[in-house]
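J.: Just passing along the structure, written as structure tokens.
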Amino acid sequence: MVLEGGPVRGVTIAALVAMTIFGGSLAAQEWDGHKNAKGWCRLDFIDGTGTFYDAAARRLYQWAPGAGTLKTVNAVNMDMSPDRWMIDGDNVWLVVGATLKKYRATGELEDDYKLPAEVADLELVPQDGFYLSYKTLTPYVEKRSLKNGSVVWSHGDKPRRNETTSRILHRITANGDRNIILASGDGLFVDVLDNKKGNSLGQTYFTYQDKEPPALKLEQRDRPPLVWWFGQGVAFQALPASAVPSLGLQGTVLARLDFSASAVEFLPTPFSEGHLLVGVQEDRAVFVGPNGGMAFVPIR
-15 MVLEGGPVRG VTIAALVAMT IFGGSLAAQE WDGHKNAKGW CRLDFIDGTG TFYDAAARRL
45 YQWAPGAGTL KTVNAVNMDM SPDRWMIDGD NVWLVVGATL KKYRATGELE DDYKLPAEVA
105 DLELVPQDGF YLSYKTLTPY VEKRSLKNGS VVWSHGDKPR RNETTSRILH RITANGDRNI
165 ILASGDGLFV DVLDNKKGNS LGQTYFTYQD KEPPALKLEQ RDRPPLVWWF GQGVAFQALP
225 ASAVPSLGLQ GTVLARLDFS ASAVEFLPTP FSEGHLLVGV QEDRAVFVGP NGGMAFVPIR
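Read in order, the letters of the sequence shown are residues -15 to 284 in this note's numbering.
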């Protein structure tokens, strides 16, 4: 579907009118993701729905292309400011430092969970569970239950205190089979984790023009987010051009990871460094600009 219009999976006009707005009014639907989106988000790779946090208003906005704002959560009474967040039905989940908090629709804290480290990535797979990767020196990933937040499985060694870091070294995304793609460090290769048990299904190494791809020169920067292009067998990662200087490009570069060909392409974009890749909608990659608002670039 395209951003400007069209149906959204499971959402009708009647449902939008009847949908509960947590702690707000229908006027909150005037929030416009195209103009107001800021910071971290992870768009659903099927229908493009995403949840954005507005720090000034202290609200969470669940937004969908063509439909606008689906839910507004008044987060004034919740523990702020969150590092990651998601809305699952009538539940709101916030990650604050090394703590996971679950709230009811009323804003009442239902439970909180001590995490082994600060969270690097959060990936929600509706009706299946959610996945957390951590700011650790070596990869550590957990699948947790949407019902009670308990750990379903973990991959890697649970970190000790001296095995954490302030940087994001490991990124995750779910593919079309709901398995987890794990990218780590400065290399352009990934590990595929089984969504049922968390065991490795194998690694994919990518070539660039039939040769070994350039190593990423991230230095002290975080590894950028990884997103999946549904139905195409392709993942994308937006890189600062300065992280791949041998390409001679400027601004933000889109790494296209083709799993069927085990090959990577580096696609130039018109954007400066600092644009954050949040997902894919139909045939274009979706970015949030450093000063807010969405930006798009066609993909193939």
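Backbone N, C-alpha and C define an ideal beta-carbon position, used for all residues, glycine too.
With burial defined as no fewer than 16 other Cβ atoms inside 10 Å of the residue's Cβ, what is the status of VAL245: buried or exposed?
T.: Along the sequence shown, read from residue 1 onward, the residue named residue 245 stands at position 261. For the record, residue 245 in the displayed sequence is Ala; it is not Val. Per the 10 Å Cβ criterion, exposed.
J.: Using the C-alpha atoms, what's the distance from PHE280 back to PHE271?
T.: Within the sequence shown, the letter at position 287 stands for residue 271. Within the sequence shown, the letter at position 296 stands for residue 280. Going by the C-alpha atoms only, they are around 6 Å apart.
J.: Could you check the C-alpha separation between ASN183 and TRP137 for me, to the nearest Å?
T.: As a working note, residue 183 is residue 199 in the sequence shown. As a working note, residue 137 is residue 153 in the sequence shown. When rounded, the distance between both Cα atoms is 9 Å.
J.: In its own chain, which residues sit with a C-beta less than 6 Å from the C-beta of CYS25, not counting the 5 before and 5 after it?
T.: Here the question's residue 25 lines up with position 41 in the sequence shown. Excluding residues within five positions, the ones whose Cβ falls inside 6 Å are GLY34, PHE36, VAL262.
J.: For the structure I just gave you, are there three or more beta carbon pairs, one from the stretch 138 to 150 and one from the stretch 95 to 103, closer than 8 Å?
T.: Because the criterion of three Cβ pairs below 8 Å is met, the stretch 138 to 150 and the stretch 95 to 103 touch.
J.: Starting from the C-beta of VAL60, find all residues in its chain whose C-beta is less than 7 Å away, skip the five residues before and the five after it, and write them out in chain order.
T.: Taking the sequence shown and counting its residues from 1, one reaches residue 60 at position 76. Once the five neighbours on either side are set aside, the close Cβ partners of VAL60 are ARG42.
J.: In or out: ASP170 buried (at least 16 other Cβ within 10 Å) or exposed?
T.: Your numbering for residue 170 matches position 186 in the sequence shown. That one is exposed.
J.: Let's test the definition: count the other Cβ atoms within 10 Å of the Cβ of LYS55 and tell me whether it reaches 16, buried, or not, exposed.
T.: In the sequence shown, counting from the first residue as 1, residue 55 sits at position 71. Classification for LYS55: buried.
J.: With DSSP as the reference, label PRO285 as helix, strand or coil.
T.: Not covered by the structure: residue 285. The range shown for the chain is -15 to 284.
J.: In terms of DSSP beta bridges, what is ASN58 paired with?
T.: For this step, residue 58 is matched to residue 74 along the sequence shown. In DSSP, ASN58 forms a bridge with ARG43.
J.: Kindly indicate which residue of MET278, ALA227, ALA269 has the alpha-carbon position closest to the one of GLU257.
T.: Here residue 257 is taken as the residue at index 273 of the sequence shown, counted from 1. Considering only alpha carbons, the answer is ALA227.
J.: Can you find at least 3 beta carbon pairs, one from the stretch 109 to 116 and one from the stretch 146 to 153, that sit closer than 8 Å?
T.: Too few Cβ pairs lie closer than 8 Å, so no.
J.: CB-CB under 6 Å to TYR192, same chain, minus the five flanking residues each way: which ones, in chain order?
T.: On the sequence shown, residue 192 is found 208 positions in, with the first residue counted as 1. The answer, listed in chain order, is VAL248.
J.: Distance check for SER65 and PRO110, CA to CA, integer angstroms please.
T.: The residue you call residue 110 lines up with position 126 of the sequence shown. The residue you call residue 65 lines up with position 81 of the sequence shown. C-alpha separation (whole angstroms): 24 Å.
J.: Span of the beta strand (DSSP E) holding LYS86?
T.: On the sequence shown, position 102 is the one that residue 86 refers to. Unbroken beta strand (DSSP E) run through LYS86: 83 to 87.
J.: Just list the alpha helix (DSSP H) runs in the stretch 121 to 156, keeping only unbroken ones of 4 residues or longer that don't cross its boundaries, in chain order.
T.: Those alpha helix (DSSP H) runs which fall completely within the stretch 121 to 156 and span 4+ residues do not exist here.
J.: Kindly identify the DSSP beta-bridge partner or partners of ASN75.
T.: For this step, residue 75 is matched to residue 91 along the sequence shown. ASP72, per the DSSP bridge assignment.
J.: Could you give the C-beta distance for PHE250 and ALA239, rounded to a whole number, given that I count them as a contact under 8 Å?
T.: By 1-based counting over the sequence shown, the position of residue 250 is 266. By 1-based counting over the sequence shown, the position of residue 239 is 255. That belief holds up - the Cβ atoms of PHE250 and ALA239 are roughly 6 Å apart, short of 8 Å.
J.: Figure out for me which residue from ILE165, ALA199, PRO49, ARG268 has the closest Cα to the Cα of LEU106.
T.: For the purposes of this step, residue 106 is taken as the residue at position 122 of the sequence shown. Measuring from the Cα of LEU106, the nearest candidate turns out to be ILE165.
J.: Write down every uninterrupted run of the beta strand (DSSP E) in the stretch 171 to 199 whose length is 3 residues or greater and which is fully enclosed by it, in chain order.
T.: Segments of the beta strand (DSSP E) lying fully in the stretch 171 to 199: 173 to 177, 184 to 189.
J.: Suppose the cutoff is 7 Å on Cβ atoms and the five residues either side in sequence are ignored; what does the same chain contact list for LEU130 look like?
T.: Locating residue 130 in the sequence shown gives position 146, where the first residue counts as 1. Within the same chain, LEU130 has close Cβ partners ASP72, GLY113, PHE114.
J.: Please state whether the Cβ-Cβ distance between GLY277 and LYS19 is less than 8 Å.
T.: Locating residue 277 in the sequence shown gives position 293, counting from the first residue. Locating residue 19 in the sequence shown gives position 35, counting from the first residue. In this structure, LYS19 lies closer than 8 Å to GLY277 by Cβ.
J.: Whose C-beta lies closer than 8 Å to the C-beta of VAL176 among residues of the same chain, with five residues either side of it excluded?
T.: The residue labelled residue 176 in the question sits at position 192 within the sequence shown. ASN159, ASN163, ILE164, ILE165, LEU166, SER184, LEU185, GLY186, GLN187, THR188, listed in sequence order.
J.: Would you mind sorting ASN179 into buried or exposed? The rule is 16 or more other CB atoms within 10 Å of its CB.
T.: As a first step, residue 179 is located in the sequence shown; it is residue number 195 there, counting from the start. ASN179 should be labelled buried.
J.: Nearest CA to the CA of VAL57: which residue from ALA89, ASP28, VAL79?
T.: Here residue 57 corresponds to residue number 73 of the sequence shown, with the count starting at 1. Of the listed residues, the one whose Cα sits closest to VAL57 is ALA89.
J.: Let me make sure I understand the geometry here. Which of TYR45, MET62, ALA40 has the alpha-carbon closest to that of GLU14?
T.: If you number the sequence shown from 1, residue 14 lands on position 30. Closest option to GLU14, Cα to Cα, is TYR45.
J.: With a CB to CB cut of under 6 Å and the five nearest residues on each side skipped, what residues in its chain are close to GLY8?
T.: Here residue 8 is taken as the residue at index 24 of the sequence shown, counted from 1. With a pLDDT of 44 at GLY8, under the threshold of 50, the modelled position of that residue is not reliable, and no figure is offered here.
J.: Determine the closest residue to LEU241 out of LEU260, SER230, GLY217, LEU233, with distance taken between C-alpha atoms.
T.: Taking the first residue of the sequence shown as 1, we reach residue 241 at position 257. The option with the nearest alpha carbon to LEU241 is GLY217.
J.: Provide the residue span of the alpha helix (DSSP H) that contains LYS19, from first to last.
T.: Within the sequence shown, the letter at position 35 stands for residue 19. Element bounds for LYS19: 17 to 20.
J.: Looking only at its chain, what residues have a beta carbon closer than 8 Å to the beta carbon of LEU202, apart from the 5 residues adjacent to it on each side?
T.: Walking along the sequence shown from the start, residue 202 turns up at place 218. Taken in chain order, the residues that qualify are ASP170, ALA227.
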